[in-house]
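**Q** Encoded as structure tokens, here's the structure I'll be asking about.
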Amino acid sequence: MEKAKVGIIGGSGLYDIEGLTILEEISLATPWGPPSDSIIIAEHKGITAAFLPRHGRGHFILPHEVNYRANIAALKMLGCEEIFAFSAVGSLQERIRPLDFVLPNQIIDRTKARASTFFGEGVAAHISFAHPFCQRLQDLVAPLAQKLGITLHRDETLLCMEGPAFSTRAESELYRSWGAGLINMSALPEAKLAREAEMCYCMICMCTDYDCWKEDEQHVNVEMLIDNLNKNARSAKNMVKEILQVTGKARSCECANTVKYAIITAPEKQNPQTVAKLRTILSKYF
Ligand SMILES: [Zn+2]
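Under this note's numbering, residues 380 to 665 are what the sequence shown spells out, in order.
Dropping the structure here:
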């Protein structure tokens, strides 16, 4: 079912994409269950994209409850090769201010007990994840921020926590001492699964607050956070339109061949049921 080459995942505050022409709304099942919501196929100046709100329209799914495998599989099944994933983040460093955007280049994983791989159950594979985000996509996005007047940071480390409660002060200080620049709850396992599915994945972080470490700052409160979420969502919607004008081209990065040497299990020993599931997203190997 080839519907779109480009997938957009909306985070907190970004549940719809206004200004695009909606072509179709698709509800589909994957071998890993249903995605967070129906997927909107929309078009802007001749380029088609598939849009999926990570938390569902109306925000009813918490970060630890998201079926990340179904979300990534659904986008892959619709033909997406590239994902631009928006996420609301807290800043752990003075230099990253609320309403700034960030393209992180590293992640520290502090999530717990989330299904983080398409493999297992009789098919073993280990993919490379040293560089968790697609640099090629980041290079496409960076100039767009300048065009839209959005302050953008790069080369930052993102810490992904379990949530849903925000950090304690001690945790926030600990993450700062590790050199992390920002914190969210949904980069993982989303980025890892996209890599396993051989998709290019670029996370676009939208800063809402200074987490809880900053002495002179109002601590994270829901009212301030929602206001910044809405402002960031407006910037994100403008950015989506710009992204569609520069993306969907032939892929020159390594993302398309991630699994080529990653599968370890001998073909005759692979669990046929798992193979059948994997065939929906990685048909060139299974
Ligand atoms: Zn790539």
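Using N, Cα and C, we set each Cβ at its ideal position, and we do this for glycine too.
Quick one: using the 10 Å Cβ neighbour count with 16 as the cut-off for buried, is Y640 buried or exposed?
**A** Exposed, by the Cβ-count rule.
**Q** Whose C-beta lies closer than 7 Å to the C-beta of R658 among residues of the same chain, with five residues either side of it excluded?
**A** Cβ within range, chain order: F665.
**Q** Thinking just about the alpha-carbon of each residue, which of G501, R436, L471, G437 is nearest to the one in E550?
**A** If we check each option's Cα against that of E550, L471 comes out closest.
**Q** What's the call for M618, buried or exposed, on a 16-neighbour Cβ count within 10 Å?
**A** Label assigned to M618: buried.
**Q** Quick one: what's got a C-beta closer than 7 Å to L604's C-beta in the same chain, skipping five residues either side?
**A** Same-chain partners within the cutoff: T587, D588.
**Q** Heavy atom of ligand 1 less than 7 Å from the Cβ of C632, yes or no?
**A** Yes; taking the cut-off as 7 Å, the Cβ of C632 has a heavy atom of ligand 1 nearer than that.
**Q** My output table needs one value for P483: the three-state DSSP class, helix, strand or coil.
**A** P483 falls in the coil class under three-state DSSP.
**Q** What's the call for I486, buried or exposed, on a 16-neighbour Cβ count within 10 Å?
**A** Result: buried.
**Q** From L457, E460, D479, pick the residue whose C-alpha is nearest to that of A467; which is it?
**A** Of L457, E460, D479, the residue nearest in Cα terms is D479.
**Q** List the residues that DSSP assigns as beta-bridge partners of P432.
**A** Answer is G389.
**Q** Can you check the stretch 450-532 for any beta strand (DSSP E) of at least 3 residues that lies completely inside it and give the ranges in chain order?
**A** Counting whole runs of 3 or more residues, the stretch 450-532 contains the beta strand (DSSP E) stretches 461-470, 480-482, 485-489.
**Q** Do you know whose CA, among C591, L523, A429, lies nearest G386's CA?
**A** Of the listed residues, the one whose Cα sits closest to G386 is A429.
**Q** Could you check the C-alpha separation between T626 and Y580 for me, to the nearest Å?
**A** So the alpha carbons of these two residues sit roughly 12 Å apart.
**Q** So what's I426 in DSSP terms, helix, strand or just coil?
**A** I426: strand per DSSP, three-state reduction.
**Q** Using a 10 Å radius around the Cβ and a threshold of 16 neighbouring Cβ atoms, would you call M456 buried or exposed?
**A** With 16 or more Cβ atoms within 10 Å of its Cβ, M456 is classed as buried.
**Q** I'd like to confirm the pairing. Which residues does DSSP put opposite E580 in its beta bridges?
**A** Residue identity differs from the one stated: residue 580 is Tyr in this sequence, not Glu. In DSSP, Y580 forms a bridge with I462.
**Q** Between I660, I643, C632, K656, which has its C-alpha nearest R515's C-alpha?
**A** Per the Cα distances, C632.
**Q** Count the other CB atoms, across all protein chains shown, that sit within 10 Å of the CB of A629; report buried if there are 16 or more and exposed otherwise.
**A** Per the 10 Å Cβ criterion, exposed.
**Q** Apart from the five residues on each side of it in sequence, which residues of its chain come closer than 6 Å, Cβ to Cβ, to P511?
**A** Once the five neighbours on either side are set aside, the close Cβ partners of P511 are I486, A570.
**Q** Indicate, with yes or no, if ligand 1 has a heavy atom lying under 7 Å from the CB of C669.
**A** Since the first residue shown for the chain is 380 and the last is 665, residue 669 is missing from the structure and cannot be characterised.
**Q** Can you tell me whether DSSP reads D588 as helix, strand or coil?
**A** In the structure shown, D588 sits in a strand (DSSP, three-state: E or B).
**Q** Report all residues from its chain with a CB closer than 8 Å to the CB of F545; omit the five preceding and five following residues, and keep chain order.
**A** Counting only Cβ-Cβ distances below 8 Å, and skipping sequence neighbours, we find G469, D590, C591, V599.
**Q** Anyone know if the C-beta pair for L393 and A566 falls short of 8 Å?
**A** No, the Cβ-Cβ distance between L393 and A566 is not below 8 Å.
**Q** Residues in its own chain within less than 8 Å of R476 by CB, not counting five upstream and five downstream?
**A** The answer, listed in chain order, is S470, T530, C586.
**Q** Does the beta-carbon of L657, which I'm using as the reference point, lie nearer than 7 Å to any heavy atom of ligand 1?
**A** L657 Cβ: outside cutoff for every heavy atom of ligand 1.
**Q** Which runs of the alpha helix (DSSP H) fall wholly inside the stretch 595-624 and span at least 4 residues, in chain order?
**A** For the stretch 595-624, not a single whole alpha helix (DSSP H) run of length 4 or above is found.
**Q** Are there three or more Cβ pairs, one per stretch, closer than 8 Å when the stretch 432-449 is compared with the stretch 388-403?
**A** Touching, yes, given that three or more Cβ pairs across the two stretches are closer than 8 Å.
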